[in-house]
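> Sequences listed follow chains D and E, in order.
Take the first sequence: its letter number 398 is residue 398 in the numbering used here, and every next letter is one higher.
Here the numbering used here runs 513 ahead of the position in the second sequence, where the first position is 1.
Number of protein chains: 2
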Amino acid sequence: MTETSKRSSGRRGRSARREARQSTAQSSIPYIKRNIPVTNLMSEEALQIIENNAEIILQETGINFVEDPESLQIWKDAGADVQGERVRFPKGLCRELIKTAPAEFTQFARNPERSVQLGGNNTVLAPVYGPPFVHCLDKGRRYGTIEDFRNFVKLAYMAPSMHHSGGTVCEPVDLPVNKRHFDMVYSHIKYSDKPFMGSVTAPERAQDSIDMASLVFGEEFVQNNCVMINLVNANSPLTYDATMLGALKTYAANNQAAIISPFILSGAMSPVSPAGTLAQLLAEAMVGIAMTQLIKPGTPVIFGTFVSSISMQSGAPTFGTPESLLVLSGAAQLARRLNVPFRSGGGFTASKLPDAQASNEAAQTLLMTVMSGVNFALHSAGWLEGGLCSSYEKFVMDMDQCSMMEVLAKGIAIDEDAQAMDAVREVGPGGHYLGCAHTQRNFESAFYRSKLADNNSVEQWQADGSLDMAARANALWKKMLNDYEAPSLDPAIDEALIEFMVKRKASFPDSNI
Amino acid sequence: MTETSKRSSGRRGRSARREARQSTAQSSIPYIKRNIPVTNLMSEEALQIIENNAEIILQETGINFVEDPESLQIWKDAGADVQGERVRFPKGLCRELIKTAPAEFTQFARNPERSVQLGGNNTVLAPVYGPPFVHCLDKGRRYGTIEDFRNFVKLAYMAPSMHHSGGTVCEPVDLPVNKRHFDMVYSHIKYSDKPFMGSVTAPERAQDSIDMASLVFGEEFVQNNCVMINLVNANSPLTYDATMLGALKTYAANNQAAIISPFILSGAMSPVSPAGTLAQLLAEAMVGIAMTQLIKPGTPVIFGTFVSSISMQSGAPTFGTPESLLVLSGAAQLARRLNVPFRSGGGFTASKLPDAQASNEAAQTLLMTVMSGVNFALHSAGWLEGGLCSSYEKFVMDMDQCSMMEVLAKGIAIDEDAQAMDAVREVGPGGHYLGCAHTQRNFESAFYRSKLADNNSVEQWQADGSLDMAARANALWKKMLNDYEAPSLDPAIDEALIEFMVKRKASFPDSNI
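#1: Along chain D, which residues have their Cβ under 8 Å away from the Cβ of phenylalanine 960/E?
#2: Using a Cβ-Cβ cut-off of less than 7 Å, give me the residues of the region 377-395 of chain D that come near chain E, in sequence order.
#3: Kindly indicate if chain E contains any beta-carbon less than 9 Å away from that of isoleucine 412/D.
#4: Nearest chain D C-beta to glutamine 539/E closer than 9 Å, yes or no?
#5: What do you get for serine 466/D, buried or exposed, if any count of 16 or more other CB atoms within 10 angstroms of its CB means buried?
#6: Does the beta-carbon of glutamate 284/D, which I'm using as the reference point, lie nearer than 8 Å to any heavy atom of the ligand HEM?
#7: Which term fits proline 463/D, buried or exposed, when burial requires 16 or more other beta carbons within 10 angstroms of its beta carbon?
#8: For serine 511/D, would you say it is in contact with chain E, using Cβ-to-Cβ distances shorter than 9 Å as the test?
#9: Please decide whether glutamine 83/D counts as near chain E, where near means a Cβ-Cβ distance under 9 Å.
#10: Checking the sheet assignment: what are the DSSP bridge partners for tryptophan 896/E?
#11: Within its chain, find whatever has a CB closer than 6 Å to the CB of arginine 599/E; leave out the 5 residues flanking it on each side and keep chain order.
#12: Tell me the DSSP secondary structure of glutamine 26/D in three-state form.
#13: Which of the residues in the region 459-493 of chain D, read from start to end, lie with their CB under 7 Å from any CB of chain E?
#14: Using the Cβ count rule (16 or more neighbours within 10 Å means buried), how would you classify glutamine 914/E?
#15: Where are the beta strand (DSSP E) runs, 3 residues long or more, that stay fully inside the region 123-200 of chain D, in chain order?
#16: If we ignore side chains and look at the alpha-carbon of each, how far apart do serine 522/E and asparagine 624/E end up?
#17: Just the chain D side, please: which residues come within less than 8 Å of glutamate 874/E by C-beta, in chain order?
#18: Helix, strand or coil for arginine 962/E? Go by DSSP, reduced to three states.
#19: Got a sec? Which residues, its chain only, sit under 7 Å from leucine 728/E by beta carbon, not counting five neighbours each side?
#20: Write down the C-beta distance between alanine 362/D and aspartate 398/D rounded to the nearest angstrom, noting that I regard them as a contact closer than 8 Å.
#21: Starting from the C-beta of methionine 1032/E, find all residues in its chain whose C-beta is less than 6 Å away, skip the five residues before and the five after it, and write them out in chain order.
#22: Mind listing the chain E neighbours of valine 173/D? Cutoff is C-beta to C-beta under 7 Å, in chain order.
#23: Proline 1004/E: buried (16+ other C-beta within 10 angstroms of its C-beta) or exposed?
#24: Quick one: give me the first and last residue of the alpha helix (DSSP H) that tyrosine 764/E is part of.
#25: By the criterion of Cβ-Cβ separation under 7 Å, what are the contact partners of asparagine 746/E in chain D?
#26: Provide the residue span of the alpha helix (DSSP H) that contains isoleucine 1011/E, from first to last.
#27: Chain E beta carbons: is any one of them nearer than 9 Å to that of lysine 352/D?
#28: At a Cβ cut of 7 Å, what residues of the region 945-956 of chain E count as close to chain D, listed as they run along the chain?
#29: Quick one: what's got a C-beta closer than 8 Å to isoleucine 74/D's C-beta in the same chain, skipping five residues either side?
#30: Beta-carbon of valine 647/E versus every beta-carbon of chain A: anything under 9 Å?
#31: What do you get for valine 301/D, buried or exposed, if any count of 16 or more other CB atoms within 10 angstroms of its CB means buried?
#32: Got a sec: is the Cβ-Cβ distance from methionine 675/E to anything in chain D below 9 Å?
#33: Does phenylalanine 956/E come out as helix, strand or coil in the three-state DSSP assignment?
#34: For valine 327/D, decide whether its Cβ has a neighbour in chain E, counting only Cβ atoms nearer than 9 Å.
#35: Nearest CA to the CA of arginine 849/E: which residue from Gly632/E, Gln870/E, Phe695/E?
#36: Distance check for serine 161/D and glutamate 416/D, CA to CA, integer angstroms please.
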């Protein structure tokens, strides 16, 4: 699946050797391949009710396409009922259109060893997306900068459990809004060789992302393969706006994958009940997915879901709550029935610190993400404060949790060595397994070794400074950034990217809108 | 199932009204009834291999019964091959004997509204068991006392998500070892009206527990119903000692349930692989369960599992690791195939503080506990430092997590109101759900409300003192203890219990062995 592209053939010598060294330190497959069955919490009957309700919503209530006559025309041509900005869909139209979407596809990385497979039994974990603020224990909470952005790209590059470089790992607020996408895309290419995401904040920024990717992968390769996946949010309830539609159309036309993600806080942007929320989000997602197929049949696309609930006292979003886990799992079932890859989950929390709350909420969501068979999990590392902060400490804490998910997803090996009957016979009643042949043969790879958990005696822990996990995480991310070595990048490509950015940046004035 | 016993008929008046008030603040069912399907991670084929390996272990290697001729004789009479202290079992003997064990049974509480159903689709959560130390943020780590013991009983009584008062919620180290069981059992009866556990540290202490329960429930009731469940650990690998066998025999003969629990640290007390560990623990558990049925066919019994792994660097136990989650889930499948209730899981952690590590590790285990269909989960609240500490802050943090599990286990409601199609029609594209009729009708019960998570804006959180979750937990457990009101207890029963303890304590000298 990870077809070797011609671009890598020139990479030899010192930097190739350095990369080989770094690769061996990482996982052999650059994403999670699940051996355990998917956890399904909803019954066939319940799923059919939800699917039927979604069709009713599409037929009777419909979706608004705001300030985008082109999209309205596309739907009119497809046979939908268009009245003003409201589009209503004949029963089954969207589901029928979605059939051309691939069930599984490869997103290519510039290092082909890091290309990922989206869909099927695969789970790809990516860092947090979107926070305007960053947080670390030393400096507290502050606006993100391009330096923070680069740091998070570097951390994701070094974390074996991050399979993807992500997108807006934090907002580089020190750069003009209308030009920061250049530096963001460039940072993903320069400081990592993992797959990444493009800009969606305007159609021309999407085009810039595609143009930059074309400089790396070659224009023809990009037109025929997915090299970027891109986050397209629906404005729930039941609305798509011109900005998101612009990005959707640009990427779909260029064969790049959109993640069609209703962004829902239940009780505000959808009904207060999980079943109602699921019907609405299915309706919204089906329309967005179908639209990519109208633009270019067969273009890769991902069914996305971001769902949380709100505190009914304060209206503030809440995370890691049982209702959101149920919706996550139900949406995964609905996506599987549409036969398209599914994005949801991550390490969500409303906490303002990398504390027990952050861990409780993130762990609940992450485990359900993997058990439910999510294919792409944005926000798997670094998410803090309801997504307003990218946290350095939380990033490495999450990274450690994500590594555990990889082991969990492998399930229980049942080959003869794993059965260990020779060990039971050797040790017998009252014996000790530490020294037996089976243990000696297997102890190095037997158990997951956390980089951050302290399992020592209390005396040893006290001798080590009585640090809590957040303090240990603080030391770890600094060590990682200190140890960081950039992956090699063909100097000709690097120059071409810089030249492109300089020219484009000079062609229009800075703006913060 | 929760048959009303005659004991409660006399309870009327002021204290009954107070209890009624307290009950309404709690959950309507005093345990979790799962609506979601069980998560099965192992295939039929893998399960059959494990079961076959367990039979081979029992036939070829066998189990040691240490310093207990009576148990050896019991097994000889049952048809096993007894050589010295080693017992080998003909293929299928244990599995056949287990068939008389009930698939599901009621453990009665002195307040019949709090009786719990063990087995089937039910999950009963109980506090931590066994720590010699306690920990709170104010005083740090110190030896547990009977005052701490009473405090944890009170907290478990007040926590709706604790369905059970547990057993050794901490060791009251200030009392003599050979007499502390009196005060422990008395505290569970006096300060709570939830079901509880008896002493297992010596056969006569098990008998004292039964005698005290008989003063509360009536002797005949106790002989015919389960009013205590009791933790019987196997000394893995493949060994039962006289102390645990003594407790097992005493409780089984008196119709009280043993939890037969191999206590395993993989890599030390079982093979380093999950499949090897599962075969050994199945063999050990089957022998203990079968033995209860030899003592008294039909006596209630629980298949227990405590499994963690060790750090292969230091030998220290580790918690919340993926391997332990896999074993937990696999053991639950094996127990279901034996058709007996299953105990495992809880809120495990190796952390020394109620920090992010504690939460990560506990959350992973707790969610897998519920998803895997565990029927009785000891250690669900308060566990810290690998079980060496009962933590006040962790107790209430876990309590909050356990409440969420109850909501999760309910699954997604799919009735007409839950479908919320009226809400979607009312709100439409671009609208807001907060004010719609469906939300107004449902908002009070819509989402789980955490007692400890802070979902406020960062500004509000700062105004509230910038507290982390552990600090908020510190305030919560103090408030709970301050608000505590004891459930009513018939003064005649109270006097009889005190009289029994005074007499028994005076009948033999204090000892710390």
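Glycine is no exception: its CB is placed at the ideal position from the N, C-alpha and C atoms.
Small disclaimer: the values here were computed from a predicted structure and weren't measured.
Taking the geometry as given:
#1: Ser266, Gly267, Val272, Ser309, Ile310, Ser311, Met312, Thr318, Thr321, Glu323
#2: Glu385
#3: yes
#4: In this prediction, glutamine 539/E has a pLDDT of 44, which is less than 50 and means its spatial position is unreliable; what the coordinates show is noted afterwards. Chain D, which has no Cβ nearer than 9 Å to the Cβ of glutamine 539/E, makes this no.
#5: exposed
#6: Questions concerning the ligand HEM fall outside what the structure shown contains, since it holds no ligand whatsoever.
#7: Just to set this straight, residue 463/D is alanine in the shown sequence, not proline. Result: exposed.
#8: no
#9: Not an interface residue.
#10: Its beta-bridge partners are Ser903/E.
#11: Answer for arginine 599/E: Gly575, Asn577, listed in chain order.
#12: In this predicted model, glutamine 26/D has a pLDDT of only 44, less than 50, meaning its place in the structure is not dependable; the value taken from the coordinates is given anyway. Looking at glutamine 26/D - three-state DSSP - the assignment turns out to be coil, as it is neither helix nor strand.
#13: Under the 7 Å Cβ criterion, the region 459-493 of chain D contributes Trp461, Asp468, Met469, Ala470.
#14: buried
#15: 133-136, 140-143
#16: For serine 522/E, the pLDDT reaches just 38, beneath the cut-off of 50, and the residue's location in the model is therefore unreliable, although a value from the coordinates is still provided. Approximately 11 Å, taken between the alpha carbons.
#17: Ala453
#18: coil
#19: Once the five neighbours on either side are set aside, the close Cβ partners of leucine 728/E are Ile1006, Ala1009, Leu1010, Phe1013.
#20: About 6 Å separates the two Cβ atoms, so the contact holds.
#21: Coverage of chain E is limited to positions 514 through 1026, which leaves residue 1032/E absent and any answer about it impossible.
#22: In chain order: nothing, as chain E lies at least about 16 Å away.
#23: exposed
#24: 755-766
#25: Those within 7 Å of asparagine 746/E in chain D number zero; the least Cβ separation is about 14 Å.
#26: Run containing isoleucine 1011/E: 1004-1019, per the alpha helix (DSSP H) assignment.
#27: yes
#28: His945, Tyr946, Leu947, His951, Thr952, Asn955, Phe956
#29: Met291, Leu294, Ile295.
#30: The displayed structure is made up of protein chains D and E, and chain A is not among them.
#31: buried
#32: no
#33: Phenylalanine 956/E sits in a helix when the DSSP states are folded into three classes.
#34: yes
#35: Gly632/E
#36: 29 Å
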